[in-house]
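Here's the structure, in structure tokens; my notes come after.
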Amino acid sequence: MPLNFSTRGALAVALLTLGLGGCDGFDPTGLFAEKYEPKVIADTPADKLYSEGLAKMEDRDYEAATKSFEQLDKQYAYSDWSRKALLMTAYSNYEGQKYDDAISASKRYLQRHPASKDAAYAQYLMAMSQYKQIPDVTRDQERSERALQALQELVQRYPTSEYAADAKAKIQITRDQLAGKEMEVGRFYLEKRNFPAAINRFRNVVSQYQTTRHAEEALERLTEAYMALGLTGEAQTAAAVLGHNFPDSPWYKDAFALLQNGGLEPREEKSSWLSKVYRGVIGRTAEAN
């Protein structure tokens, strides 16, 4: 039998009451509802958070230390506490070997506080975080290139900082790593008798990394590759430059013997790119001294 209007209305009210939870004391008018009182949670004092972070650092609990410093940065944004917390976030991540996180925190610090007295240290943390991730010479060297860029920026922007000397030393190590990669690829091409490709790699070493320990071998390998292609003038120049700059090198002895076997001897062509490169190196070295 169909429900009449009064029956349907009573049923609707009953369902509505149950659907709203069936709570005791339900007040559909809202007249007697309890007022909502928001609870305000007080921020932890800044000095306490900072001290907690330092204590965790001493305990070598770098993850917990990072959390304390991040909380400090969040609760006291745009304050001097925030500045300190961000730098310590970078440092705790670095010590915890979370280098990518350290790089991110250092970048944020430099963006927010470029003129800070600790900006050089933030740049140093970023550069060292890249440097710590340099792979072995058999792998892709993108990390090495990033490390070199960050270290060079440190020296250029903060030349008088206490971190500049260490950065310069690590620049040389990083350049040596990049040169080593070029040499590895160049030797591969030389072995495969792809002489033009080998020359390009050895040329990169001589042009870009001529102050590294790989320069001597690169010049000897250039002598080999040029001789194989019949470019005797370039081969003689490579050997002459090698002998002039590294007269006692065993690589020079090899290059000299190679030329002798072909009835040639080292002879520098002043118009060669090799001569121009090393004249440029000598000039820059003299200016630096």
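The opening position of the sequence shown corresponds to residue 1 in UniProt numbering, with each subsequent residue numbered one higher.
Heads up, the beta-carbon is just placed ideally off N, CA and C, and yes, glycines get one too.
query, result
"Between the CA atoms of Gln177 and Ala228 - distance to the nearest angstrom", "28 Å"
"When Tyr121, Leu264, Ala46 and Tyr226 are compared against Leu72, the one with the closest alpha-carbon", "Ala46"
"Asp254 beta carbon less than 8 Å from that of Glu216", "no"
"Limits of the alpha helix (DSSP H) - the one that Ala197 falls within", "Phe195 to Gln208"
"Unbroken alpha helix (DSSP H) run spanning Thr174, endpoints", "Ala164 to Glu191"
"Straight-line gap, Ala150 to Ala239 (C-alpha atoms, nearest Å)", "35 Å"
"Start and end residues, alpha helix (DSSP H) containing Ala115", "That residue, Ala115, is in no alpha helix (DSSP H); it is neither H nor E in DSSP."
"Ala167 and Ser129 closer than 8 Å at C-beta", "no"
"Three-state class that DSSP yields for Lys276 in the structure shown", "helix"
"Test item: CB-CB of Ala120 and Tyr158 under 8 Å", "yes"
"CA-to-CA distance, Pro196 to Gly186, given in whole angstroms", "10 Å"
"Residue environment, Gly262, which counts as buried when at least 16 other CB atoms sit within 10 Å", "exposed"
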